[in-house]
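Chains as they are written, first to last, in our numbering: chain A, 57 to 363; chain B, 1015 to 1301.
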């Protein structure tokens, strides 16, 4: 840009100089592009090849088996359907809970009351905390005879042994994950809320709309492009849950919280079937790809709502 | 993101303000209580940790848990590992992403938009997808149990690519006049980048730095599969290590170690709150 505009007077110099500039461009992006080819694209191609092989991480044995891993996955793997179901259940529980809570928090945290900044600090604190630390504390809180249950007992409620009962374990990990990350979505919603002109809401208020009606008919429709974006980000994020599961339940009890990434880890690094685990990893890749494409399609349809 | 509390003069009705506070306080319990419980329990004796009724503060403050943290594992070493790895990742990411981000925003070279699109398409890919071949190659190179992969990987995979995107966006938003003038004054491309563009990009570099440091500090899966030597562990791995011979957690020690790993980050967050929150806003809303 700079080069062509400034140099247009001197044709003879222009060519050599803009060539030099272009070379500088390649030099500037070279490390990042090389890194990408070696550490992202290369491994992506490799994982596709691995997925057609029977590989053992310990012995190093490799045999080509074509699509056998996928056949095994769909027909014979006793865990795959369960894992897929768990992953869907986790996302289906997490995404609506996360978005609803984020929206409520964003509406509350943009209220002009004194000291609101303190609350903003509090609700965002789990986002910067490491998931491992967060999971350690929540596993501690979700024990049978301590933590949350000892407080529930004070008011006469006999709490379940959260992480040892299949359904409660799923509820517990979803809850811990939502509280951990909801601050991020809250932040995005807060930024979007502040871009909505106050006039709409004020006008509706004058016309007698109550708070709920204003949120339902003004705020949410105006936020819809943001909600869409947050929905997709949260959905992809929920597919990747691992740290929390590993630390809180180890996929248990009885595989009740065994989700896709945990299962990939288990197959690859605990029973060393890296070929089969690669096929599973490609399922994860496919899911993320489908969600991303869906987001593009939906956003293109929403485009003139955005501008 | 600057959140301005204007319209205070509208002065909400008292009941409404009270209702807002009540809702906020109620909702903040699951956000705040874990931190409280983590810190206070780390100072309790084993029996008090499981005492009924639960105690909000330790009856007597016990410091043994903290002593044990350092006896049971090379915790100082592990702390240092996390710190220096995150620092190296941050420095590398700042360097490479600002170079690439600047070039994509300012320099005309054939194929630049294609290369950028190629990088961008990788943002959606979960890093877990490629962990198996990466592990394989790292093992072939004899680099398991080394920190080198943990430093190099984030620079060029997901977090690094996000950083390129953020810096590019920021450079695109800067006016070009200053750079044009510098060019006329005979500054080379490198000079323009280094002496004009980079200083102007300070806010985004701070944001990228904060996000990158935190991402590395909290990284779990990669160190989990790559490191097996306790002295090489990073903090998230170390926290898992406080167990008895049967694999059951030593709660007091584990919570003390967790407290030690969380508190410095929280302290920095409280002091640099605006910057930290802005960094996330940069990546979230402008991404």
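By construction, the Cβ of each residue, glycine as well, lies at the ideal position given by its N, Cα and C atoms.
- Neighbourhood of residue 235 of chain A in chain B, by CB distance below 9 angstroms: 1044, 1045 and 1048, in chain order.
- Beta-bridge annotation (DSSP): residue 109 of chain A is paired with A:120.
- With 16 or more other Cβ atoms inside 10 Å of its own Cβ, residue 175 of chain A counts as buried.
- For residue 232 of chain A, the uninterrupted alpha helix (DSSP H) segment begins and ends at 222-249.
- Taken through DSSP and simplified to helix, strand or coil, residue 281 of chain A comes out as helix.
- For residue 282 of chain A, same chain residues with a beta-carbon under 7 angstroms away, outside a window of 5 residues either side, are 244, 245 and 248 in chain order.
- The closest CA to that of residue 147 of chain A, considering only A:294, A:305, A:254 and A:317, is found on A:294.
- In terms of Cβ geometry, residue 316 of chain A and residue 1144 of chain B do not form a close pair [threshold 8 angstroms].
- A check of alpha carbon separations from residue 185 of chain A across A:232, A:135, A:209 and A:149 identifies A:232 as the nearest.
- Among the bridge pairs identified by DSSP, residue 1263 of chain B is matched with B:1257.
- Annotated as proximal: residue 1236 of chain B and residue 1167 of chain B, with beta-carbon spacing under 8 angstroms.
- Burial is judged here by how many other beta carbons sit within 10 angstroms of a residue's own beta carbon; residue 117 of chain A has fewer than 16 and is exposed.
- Setting aside the 5 residues that flank it on each side, residue 1269 of chain B is surrounded in the same chain by 1052, 1055 and 1056, each with a C-beta closer than 6 angstroms to its C-beta; the list follows chain order.
- In this structure, the CA atom of residue 1154 of chain B is about 15 angstroms from the CA atom of residue 98 of chain A.
- The region 1228-1246 of chain B makes no contact with the region 1111-1120 of chain B, as fewer than three CB pairs between them are under 8 angstroms.
- Residue contact with chain A for residue 1212 of chain B: absent (no Cβ-Cβ distance below 8 angstroms to any residue of chain A).
- C-alpha of residue 305 of chain A to C-alpha of residue 1214 of chain B: approximately 47 angstroms in a straight line.
- Taking 8 angstroms as the cut-off, the beta carbon of residue 96 of chain A is found closer than this to the beta carbon of residue 1136 of chain B.
- Comparing C-alpha distances from residue 1272 of chain B to each of B:1288, B:1292, B:1248 and B:1119 shows the shortest one belongs to B:1248.
- Only buried fits residue 285 of chain A, as 16 or more other CB atoms lie within 10 angstroms of its CB.
- For residue 1250 of chain B, the CB contacts under 6 angstroms within the same chain, skipping 5 residues up- and downstream, are 1234 in chain order.
- Under the criterion of beta carbons closer than 8 angstroms, residue 1048 of chain B and residue 224 of chain A do not qualify as touching, at roughly 18 angstroms.
- With fewer than 16 other beta carbons inside 10 angstroms of its own, residue 1124 of chain B counts as exposed.
- Chain B has a Cβ within less than 8 angstroms of the Cβ of residue 91 of chain A.
- One finds 1048 in chain B with Cβ atoms closer than 9 angstroms to the Cβ of residue 194 of chain A, taken in chain order.
- Membership of residue 1147 of chain B in the alpha helix (DSSP H) is indicated by the continuous run 1145-1154.
- Not a single C-beta of chain A is nearer than 8 angstroms to the C-beta of residue 1200 of chain B.
- With its beta carbon at least 8 angstroms from every one in chain A, residue 1099 of chain B lies outside the interface.
- At a cut-off of 8 angstroms between C-beta atoms, residue 1174 of chain B counts as an interface residue with respect to chain A.
- Residue 1087 of chain B sits in coil when the DSSP states are folded into three classes, being neither helix nor strand.
- Neighbours of residue 81 of chain A across chain B, judged by C-beta separation under 8 angstroms: 1117, 1121, 1122, 1123 and 1126.
- The Cβ atoms of residue 1206 of chain B and residue 1191 of chain B do not sit closer than 8 angstroms to each other.
- Residue 1038 of chain B has its alpha-carbon roughly 26 angstroms from the corresponding atom of residue 264 of chain A.
- For residue 217 of chain A, the secondary structure class from DSSP, reduced to helix, strand or coil, is coil.
- A distance below 6 angstroms between beta-carbons, with the five flanking residues on each side excluded, links residue 1283 of chain B to the following residues of its chain, in chain order: 1290.
- Between residue 337 of chain A and residue 1138 of chain B a beta carbon distance of about 15 angstroms is seen, past the 8 angstroms cut, so the two are scored as non-contacting.
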